[in-house]
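Below you'll find the structure, written out as structure tokens, and then a few comments.
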Amino acid sequence: MCRMFGIVATTPQSIAPWMTDIEPSLRSLAIADKSGQPNADGWGITWYDGEQDCPHVVKEPGPANESPLFEQTAREVSACVALAHIRRRSRTSRRLANTHPFVAGRWAFCHNGYCSRERLMEHLLPKFRNGLEGENDSEVYFALLLQHLESATDPLDALRGAVHEVASVGDFTGLNFLLCDGRRMYAFHYSTDPERHSMYLQHQSGRELVASEPLGAGSWEELPNGSLAVLTPAGHTLASLI
1 MCRMFGIVAT TPQSIAPWMT DIEPSLRSLA IADKSGQPNA DGWGITWYDG EQDCPHVVKE
61 PGPANESPLF EQTAREVSAC VALAHIRRRS RTSRRLANTH PFVAGRWAFC HNGYCSRERL
121 MEHLLPKFRN GLEGENDSEV YFALLLQHLE SATDPLDALR GAVHEVASVG DFTGLNFLLC
181 DGRRMYAFHY STDPERHSMY LQHQSGRELV ASEPLGAGSW EELPNGSLAV LTPAGHTLAS
241 LI
């Protein structure tokens with residue numbers, strides 16, 4: 001099912017509380033999420049340091065709860081913008097090329113759900129198809145989003161067009177994603193089973209959080225199915241994409 005986390009803040013924040021310290025944390029969800037299932041097929045953390053447009057990324061194709069590198073990265077990262085992902089594979093292998101988040105230029109992306117890789121490949125231009133490294137559906141989904149973003153002036157129009165194209169292809173269970181350009185984070189929730197592929201938001205002073213399921217205490221607001229949240233340090237706005 002995979003689990004995701006993102007933060008956008010006015011000042012650099014340690015991500016350790018949500019990665020390892022609170023309950024549940026992303027590390028504990030690698031052992032068992034709210035469905036009781038593990039997410040043990042890889043982990044990744046991406047963050048922006050404010051000095052360069054392109055994000056840093058550290059990831060491994062194994063369980064976060066068994067990884068010293070996950071613990072180390074969670075402790076070391078302090079950033080205004082970061083996202084993290086733990087993977088439960090569906091139909092592809094456990095290897096680094098299939099491990100989220102995926103990065104292209106200034107963009108970082110992670111996905112929760114399943115969509116048809118084979119059908120989406122037919123919608124990619126050669127420029128985007130030739131850059132694929134893994135054999136998973138999520139990387140192709142990301143490539144299609146990038147294809148739309150490159151040809152549009154308004155990111156919301158681009159994301160709306162891409163999501164409609166993916167949905168029209170059919171054969172999907174969840175299209176949830178976190179997408180970030182270093183300044184804003186786009187959190188989208190759309191699934192045939194909204195409870196299984198859930199998404200929650202939390203506003204705190206000077207920072208916005210998003211997660212597949214609530215991490216720690218505080219009030220979390222569920223993102224409606226079909227909705228996109230645009231997160232900035234000042235708050236978030238909602239838009240309907242489907």
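Residue numbers (full-length UniProt numbering): 1 to 242.
Yeah, the Cβ is synthetic: ideal placement off N, Cα and C, and Gly gets one too.
Residue range of the beta strand (DSSP E) that includes residue i
i    : result
Q204 : 200-204
P12  : 3-14
L209 : 207-211
I45  : 43-48
Sheet register partners of residue i (DSSP bridge)
i    : result
A234 : Beta-bridge pairing links A234 to no other residue.
M185 : C180, L231
F109 : F102, L179
S191 : G174
Three-state secondary structure assigned by DSSP to residue i
i           : result
E60         : strand
F103        : For the record, residue 103 in the displayed sequence is Val; it is not Phe. Strand, per DSSP.
F172        : coil
L29         : helix
E76         : helix
residue 247 : With the chain covering 1 to 242 only, the question about residue 247 has no answer from this structure.
E66         : helix
E221        : strand
A97         : helix
T20         : helix
E71         : helix
P55         : coil
Contact check, residue i vs residue j, beta carbons under 7 Å
i    : j    : result
R207 : A9   : yes
L132 : E139 : yes
R94  : P61  : yes
S212 : M4   : yes
W107 : D181 : yes
A30  : P63  : yes
S78  : P24  : no
C115 : F177 : no
C54  : H85  : no
R27  : N65  : yes
N112 : N136 : no
L149 : A143 : no
L215 : W18  : yes
V210 : A239 : no
R119 : V58  : no
L241 : R117 : no
G50  : M185 : no
Host alpha helix (DSSP H) of residue i (start-end)
i    : result
S168 : 155-169
H148 : 137-150
L241 : No alpha helix (DSSP H) holds L241; DSSP gives it neither H nor E.
R119 : 117-121
K34  : Here K34 belongs to no alpha helix (DSSP H), and DSSP marks it neither H nor E.
P126 : 126-129
Short CB-CB distance (under 7 Å) between residue i and chain C
i    : result
S191 : Absent here is chain C; the protein component of the structure consists of one chain.
heavy atom of the ligand GTP below 6 Å from residue i C-beta
i    : result
L201 : Judged by which ligands are present, the structure shown has none, so any question about the ligand GTP falls away.
Taking 8 Å as the threshold, find out whether the segment 36-43 comes into contact with the segment 223-235 through three or more Cβ pairs.
no
With three or more beta-carbon pairs closer than 8 Å as the criterion, would you say the segment 96-116 touches the segment 69-76?
no
Flag this pair as touching only if the segment 116-134 and the segment 186-193 have three or more C-beta atom pairs under 8 Å; answer yes or no.
no
Do the segment 211-228 and the segment 40-48 meet, that is, are 3 or more Cβ pairs less than 8 Å apart?
no
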